[in-house]
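*Asks:* Going by the working numbering, the first residue of the sequence shown is number 105, and it counts up by one from there.
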Amino acid sequence: MKAVLPFVALLGLAACSSPVLYAVDSPVPLDQRARIAFSSIEVVEVTLPRYAANPDIYRQAADGGLKAISGVSWADDPAPAMTADLVQVLTGMTGARIAAEPWPFRSYAQVRLDVRVTTMVARDQGDFLLMGQYYVAGQEDGFRERARPFAIAIPLPQGFGAAEVATARGLAVSELARQIIAGGLS
């Protein structure tokens, strides 16, 4: 019995230390269907800064310091999950054949979309900030390649937590898709 008690106590501690996982839902704005100039798009895995590629969910204090929100994590690896969300929203808004790399179809995609995020953080000042640049590169000669910066701020409620950050990240990806359609794919 004495040998079992430390084991049971250890199991109890392990159960308490498991982080709460937050999935992200990027809503597809079905009322915002858009025509684009391409029928097929390959999306390169989204590049994230080191802290944002980490499973921890961070918030930025007024002094600029980043701190992980205690006891919570993203449910999925952030870069592939964000890439999949972006593909889903772009496909839903355009109806085009869009897939993440590696391109799974026999014929090549007309263009490649490369999104490089420089900032992805919930800020104590009350917003979720997604900043970076995206690139659209054609597979054929004569295509005018494009590079556009983006800065998206989604409001967060006072006293926000990880659930609100996950919702804001999803909304930011949907807004990013809308901006890419308007500025890079039309």
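The beta carbon of each residue, even a glycine, is placed where N, CA and C say it ideally should be.
(1) At what residues does the alpha helix (DSSP H) containing P311 begin and finish?
(2) Determine the closest residue to V219 out of D167, V150 and R250, with distance taken between C-alpha atoms.
(3) With a floor of 3 residues, list each beta strand (DSSP E) that falls wholly inside the stretch 132-182, ordered by position along the chain.
(4) In this structure, does DSSP put A127 in helix, strand or coil?
(5) Assuming A204 and V191 are in contact, meaning their beta carbons sit under 8 Å apart, how far apart are those beta carbons, in whole angstroms?
(6) Is the number of C-beta pairs between the stretch 249-262 and the stretch 165-177 that are closer than 8 Å three or more?
(7) When you compare the CB positions of I285 and Y238, do they come within less than 7 Å of one another, or not?
(8) In the DSSP output, what is V219 paired with across the bridge?
(9) Go through its chain and collect everything with a Cβ distance to G116's Cβ below 6 Å, but skip five positions before and after it.
(10) Counting Cβ pairs closer than 8 Å, one from the stretch 143-159 and one from the stretch 182-189, do we hit at least three?
(11) Cα separation between G236 and R210?
*Replies:* With the given structure in hand:
(1) In the structure as shown, the chain begins at 105 and stops at 290. Residue 311 is therefore absent and cannot be evaluated.
(2) Locating residue 219 in the sequence shown gives position 115, counting from the first residue. The option with the nearest alpha carbon to V219 is V150.
(3) 144-147, 160-164 and 170-178
(4) In the sequence shown, residue 127 corresponds to position 23, counting from 1. Residue state, collapsed to three classes: coil.
(5) Indexing the sequence shown from 1 puts residue 204 at position 100. Indexing the sequence shown from 1 puts residue 191 at position 87. Yes, A204 and V191 are in contact; Cβ-Cβ is about 5 Å, under 8 Å.
(6) no
(7) Against the sequence shown, residue 285 aligns to sequence position 181. Against the sequence shown, residue 238 aligns to sequence position 134. Cβ atoms of I285 and Y238: not closer than 7 Å.
(8) Counted from its first residue, the sequence shown places residue 219 at position 115. Paired residues: Y238.
(9) Here residue 116 is taken as the residue at index 12 of the sequence shown, counted from 1. Residue placement at G116 is flagged as unreliable, the pLDDT there being 47, under the threshold of 50; the coordinate-derived value follows with that caveat. Answer for G116: no residue qualifies.
(10) yes
(11) Mapped onto the sequence shown, residue 236 falls at position 132. Mapped onto the sequence shown, residue 210 falls at position 106. Their Cα atoms are separated by approximately 31 Å.
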